[in-house]
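Read the structure below first, then the notes.
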Amino acid sequence: MRTILLVVLALALAPSLAAAQGTATADTVRALPAPPTAAAASPAPAAADTGAVAVPAATEKALRYHRSGNLLWVVDTLWALLLPLALLFTGLSARIRDVARRVGRKWYFTLVVYGAILTVLFWVVSLPLAYYEGFVRQHAYGLSTQSAGKWLGDSLKGMVIGIAGFALVMWVPYLLLRKSPRRWWLWTALAAVPLLAATFWLQPLVIDPLFNKFGPMHDRALEARILAEADRAGIEGSRVFEVNKSADTKTLNAYVTGFGGSKRIVLWDTIIREMNERELLFVVGHEMGHYVLHHVQWLMLAATLLVLLFLYAVHRSAGWMIARWGRRFRFDRLDDIASYPLLSVIVTVVGLAVTPAFLAFSRHLEHEADRFGLELTRDNHAAANAFVKLQSENLATPYHGTLYKLWHDGHPPIGERIDFSNAYRPWAEGKPLRYGDRFR
Ligand SMILES: [Zn+2]
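Those letters in the sequence shown? Residues 1155 to 1594, by this note's numbering.
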């Protein structure tokens, strides 16, 4: 399932999110792959192939990718703080608001014009860093298949979506700040519930198709087996889509997306190409676990709590910051749209503080989805091999230190997932299955 943190931050941080488009999150593992391996080309093993699978050591290239990724994370975080701080302390945010007032005239259009100018400004000044991270670096590590034109087009689309998101969402907190200065944070968090649901619902229908082509699976025999598996998992009328991510990347991924009527499982064409049928059936079983165990709803609840926390933090801290530095900011009220970068800074700081708790929750859901997939397929060998391929194709490192895990890992490290895939077989020991009552 897509990392919900992005959706949450989208509500508060539309412009910086637009700049981050292209770092789209992944489910099975964060996407990023490597050179083709011998294993990738091997055909489906015989059914007798059941032995434990060794965790491959991290390659030198994967270690370099991991270490440079850590450095970039620090750079990105500093950038996300320094950029809005610069807008505040130079008074530039207030000057943009003045321009927006002259152009927009009315309250709502002032807000929209401010959001548009800010989003474009963020996009332009973040372009070199985004281009390096999303294009140059991915090609340097042999992970990307994207043309520069596609990268730029996707980035521009992300910016336009950022402006539209700002126009659709940001009037809510700013209107409520005027109407209810004491309780605006609570009312806004309540309003975020239908907004989050609508975002989840629209994502696969409107947003995702802007970037890639989605369609039914090309391999109809495989699709039939997946639908039979969905039937066993207790999912009625399930939908499986294939997306042409090979136009962008060599990395592998699959995910559950959507909400209500738009809910679906999506397989990247890269994973269909690289994995054999047994491995794919495990991967899809993992996604069905998210589906059956209502993980999307759990993540929406977590997102709502995060929004509440972010807004309360803004409510408690923005006042004294404006009292202290308002003359340099050139605004004196939080309900002035020029305060937007201040919201952004506070959300980034609080976001860093709550990331470990959020990721621990995400790792728990992912682990249970792995368990569900294993209980559904009872194919330990294929599951472990699927993770070995993810490790090699996505340039992952198998085990992570505590600090890295706390702030980065939305999934258990892949070595731990291989170990669990080898070891977890209660059906062979006559023990009950945790999710056995859900299977048909
Ligand atoms: Zn998952």
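C-beta: ideal position from N, C-alpha, C; glycine also.
Distance CB(residue 1517)-CB(residue 1573) smaller than 8 Å: no
Could you give the distance in angstroms between the alpha-carbon of residue 1449 and the alpha-carbon of residue 1483? 42 Å
Rounded to the nearest angstrom, what separates residue 1356 and residue 1583 at their Cα positions? 44 Å
Which term fits residue 1211, buried or exposed, when burial requires 16 or more other beta carbons within 10 angstroms of its beta carbon? exposed
Contact check, residue 1446 vs residue 1592, beta carbons under 8 Å: yes
When the Cα of residue 1345 is compared with those of 1360, 1379, 1324, 1365, which residue comes out closest? 1324
Kindly give me the distance between the Cβ atoms of residue 1537 and residue 1436, rounded to whole angstroms, as I take these residues to be in contact under 8 Å. 4 Å
Say the cut is 7 Å; is the CB of residue 1520 nearer than that to a heavy atom of ligand 1? yes
Local conformation of residue 1396 per DSSP, three classes: strand
Comparing C-alpha positions only, which one of 1301, 1295, 1514 sits nearest to residue 1214? 1295
Sequence ranges, beta strand (DSSP E) only - wholly within the region 1423 to 1475, length at least 3: none
Where does residue 1389 sit, in a helix, a strand or coil, going by DSSP? coil
For residue 1516, which three-state DSSP category applies? helix
Residue range of the beta strand (DSSP E) that residue 1264 falls in? No beta strand (DSSP E) contains residue 1264, which is instead part of the alpha helix (DSSP H) from 1261 to 1285.
Tell me where the beta strand (DSSP E) around residue 1369 begins and ends. 1368 to 1370
If you reduce the DSSP assignment to three classes, tell me which class residue 1579 lands in. coil
Under a three-way DSSP split, which group does residue 1186 fall into? Here residue 1186 scores only 32 on pLDDT, less than 50, and its place in the model is too uncertain to base an answer on.
Less than 7 Å between C-beta atoms, sequence neighbours within five positions excluded: which residues of the same chain meet that for residue 1262? 1325
Take residue 1556 and list the residues in its own chain whose beta-carbon comes closer than 8 Å to its own, dropping the five residues that flank it on each side. none
Along the alpha helix (DSSP H) that carries residue 1318, what are the first and last residues, could you check? 1302 to 1323
Helix, strand or coil: how does DSSP classify residue 1488 here? coil
Where residue 1411 falls: helix, strand or coil (DSSP): strand
Of the choices 1466, 1535, 1577, whose alpha-carbon is the least far from that of residue 1205? 1535
May I ask you to list the residues that DSSP assigns as paired with residue 1291? Looking at the DSSP assignment, residue 1291 forms no beta bridge with any residue, so it has no partner.
Cβ-Cβ separation, residue 1264 to residue 1491 (assumed contact under 8 Å), whole Å: 7 Å
From the DSSP output, in three-state form, read off residue 1499 for me. helix
Pull up the CB-CB distance for residue 1473 and residue 1488, whole angstroms please, since I reckon it's below 8 Å. 7 Å
Given a threshold of 16 other Cβ atoms within 10 Å of its Cβ, counted over all protein chains shown, does residue 1303 qualify as buried or as exposed? exposed
Whole angstroms is fine: what's the gap from residue 1222's alpha carbon to residue 1216's? 10 Å
According to DSSP, what are the bridge partners of residue 1337? DSSP, once it has assigned bridges, lists no residue as partnering residue 1337.
Would you mind sorting residue 1380 into buried or exposed? The rule is 16 or more other CB atoms within 10 Å of its CB. buried
Residues in its own chain within less than 6 Å of residue 1338 by CB, not counting five upstream and five downstream? 1330, 1331
Within the present structure, is the beta-carbon of residue 1507 separated from the nearest heavy atom of ligand 1 by less than 7 Å? no
Residue 1413 versus 1452, 1407, 1433, residue with shortest Cα-Cα distance: 1452
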